[in-house]
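Colleague: First, the structure itself, so that you have it in front of you.
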Amino acid sequence: MPLTMNREVFITCAVTGSGATQDRSPHVPRSPQQIADSAIAAAQAGAAIVHCHVRDPDTGAPSRDPALFRELTDRIRDSATDVVLNLTAGMGGDITFGGVERPLPPHEAGTDMAGATERVAHIADCLPEICTLDCGTMNFAESDYVMTNTPGMLQAMGRMMTDLGVKPEIEAFDTGHLWYAKQLVADGVLAPDALVQLCMGVPWGAPDDLGTFMAMVNNVPDTWTFSAFGLGRHQMPYVAATVLAGGHVRVGLEDNLMLDRGVPATNAQLVERAARIIENLGARVIGPDEVRARLKLTKQAPQ
């Protein structure tokens, strides 16, 4: 992909995530109402897409309860604010192994493994325009925690998403994930005009140096649309880098809790700052209707 600045940029806000951040900032939303309110505020600040996980409303622990997703999406849809819905489908593939001498059986508390149909159940119920497809297996963030997404699982989930009329957003944490995503396109599982999120600096995937980032960008086919993000203090520099490299941007409390050193951010504040960076580069922030047209998204009403 040639290095050409993108002059019409959409912002995705990753609203809450599934990390153990719920007690590290007063602004991390937990309940469906809190997540919806934060997503709506982010949209009003300029986010065309909101990427949403759900949490247990009492503990803040990550959840994949379809009822929580349905309440969340209903609240956003019932608001007066238009925004493209992007739901995670990344949960249900987590293994935390036992000790190094006895890795099996895995630790039950840190393991959440589900079949393809169960992992996509909330997508079938809520029918967002976009949902994520984590395109690989990797050691993820903590010792002996593995995010598993086998080729067979990705084939099955990808076909289900496509059949539902929901556009998969490929989550690529390393170059090999892009390689397999290309195979999914070649196999007809994903459309040739695929959408990909380049996830930079997530242990233990691709590091967030610019050389590695450009290696990722250069592995994105010309017919695809890409977005990218960095974590923590690298979030805003990655807004500028991604626009200059030809992509779209993602910010939000899933990836970064701080507006400035010692100043907890809200999702709306992070979106506003990203929009200023984009505009100061001479680009334009585009809205949800333009995103739907560019990505050929289907806005559906759930049953």
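Residue numbering for the sequence shown follows this note's numbering, starting at 2 and increasing by one per position. Ideal Cβ positions, reconstructed from N, Cα and C, are used throughout, including at glycine. Quick caveat, the model's predicted, so the values are computed rather than measured.
(1) Is there a C-beta anywhere in chain C that falls below 8 Å from the one on G91?
(2) Is it right to say Q304 is buried, meaning 16 or more other beta carbons lie within 10 angstroms of its own, or is it exposed?
(3) Since N268 is in the alpha helix (DSSP H), which residue starts that stretch and which ends it?
(4) Ordered along the chain, which non-local residues of its own chain (more than five positions away) have a Cβ less than 6 Å from that of A284?
(5) Report all residues from its chain with a CB closer than 7 Å to the CB of A48; omit the five preceding and five following residues, and keep chain order.
(6) Comparing alpha-carbon positions, which option in P67, I77, W225, T97 lies nearest M139?
(7) In whole angstroms, give me the CA-to-CA distance for D210 and A276.
(8) Using the Cα positions of P129 and A62, report the straight-line distance between them to the nearest angstrom.
(9) Give me whichever residues DSSP pairs with D95 in a beta bridge.
(10) Taking DSSP as the reference, what is the three-state secondary structure of A21?
(11) Can you tell me which of N257, D223, G263, A302 puts its alpha carbon nearest to the alpha carbon of T5?
(12) Determine whether the beta carbon atoms of A241 and L282 lie at a separation below 8 Å.
(13) Going by DSSP, what residue range makes up the beta strand (DSSP E) through M259?
(14) Quick one: what does DSSP say R234 is sitting in, helix, strand or coil?
Modeller: From the atom records:
(1) Within the model displayed, chain C is absent; a lone protein chain is all it includes.
(2) Working through the sequence shown from its first residue, we reach residue 304 at position 303. With fewer than 16 other beta carbons inside 10 angstroms of its own, Q304 counts as exposed.
(3) What you label residue 268 is simply residue 267 of the sequence shown in a count that begins at 1. Residue range 268-281 is occupied by the alpha helix (DSSP H) that includes N268.
(4) Taking the sequence shown and counting its residues from 1, the one referred to as residue 284 is at position 283. Excluding sequence neighbours, A284 sits near R8, V10, V244.
(5) Sequence index remark: in the sequence shown, residue 48 carries index 47 (1-based). Result list for A48: I12, T13, C14, V84, V272, in chain order.
(6) Position 138 of the sequence shown, counted from the start, is the residue given in the question as residue 139. The candidate whose alpha carbon is nearest that of M139 is T97.
(7) Translated into positions along the sequence shown, residue 210 becomes position 209. Translated into positions along the sequence shown, residue 276 becomes position 275. A direct Cα-Cα distance of roughly 23 Å separates D210 from A276.
(8) On the sequence shown, residue 129 is found 128 positions in, with the first residue counted as 1. On the sequence shown, residue 62 is found 61 positions in, with the first residue counted as 1. Rounded to the nearest whole angstrom, the CA to CA distance from P129 to A62 is 23 Å.
(9) Locating residue 95 in the sequence shown gives position 94, counting from the first residue. Checking the DSSP bridge columns, you'll see D95 partnered with D113, M148.
(10) Here residue 21 corresponds to residue number 20 of the sequence shown, with the count starting at 1. In the three-state scheme derived from DSSP, where H, G and I count as helix and E and B as strand, A21 is classed as coil.
(11) Taking the sequence shown and counting its residues from 1, the one referred to as residue 5 is at position 4. With distances taken between Cα atoms, T5 lies closest to D223.
(12) Position 240 of the sequence shown, counted from the first residue, corresponds to residue 241. Position 281 of the sequence shown, counted from the first residue, corresponds to residue 282. A contact, by the Cβ cut-off of 8 Å.
(13) Residue numbering aside, residue 259 sits at position 258 when the sequence shown is read from its first letter. Residues 259-261.
(14) In the sequence shown, residue 234 corresponds to position 233, counting from 1. Of the three classes helix, strand and coil, the one that applies to R234 here is helix, per DSSP.
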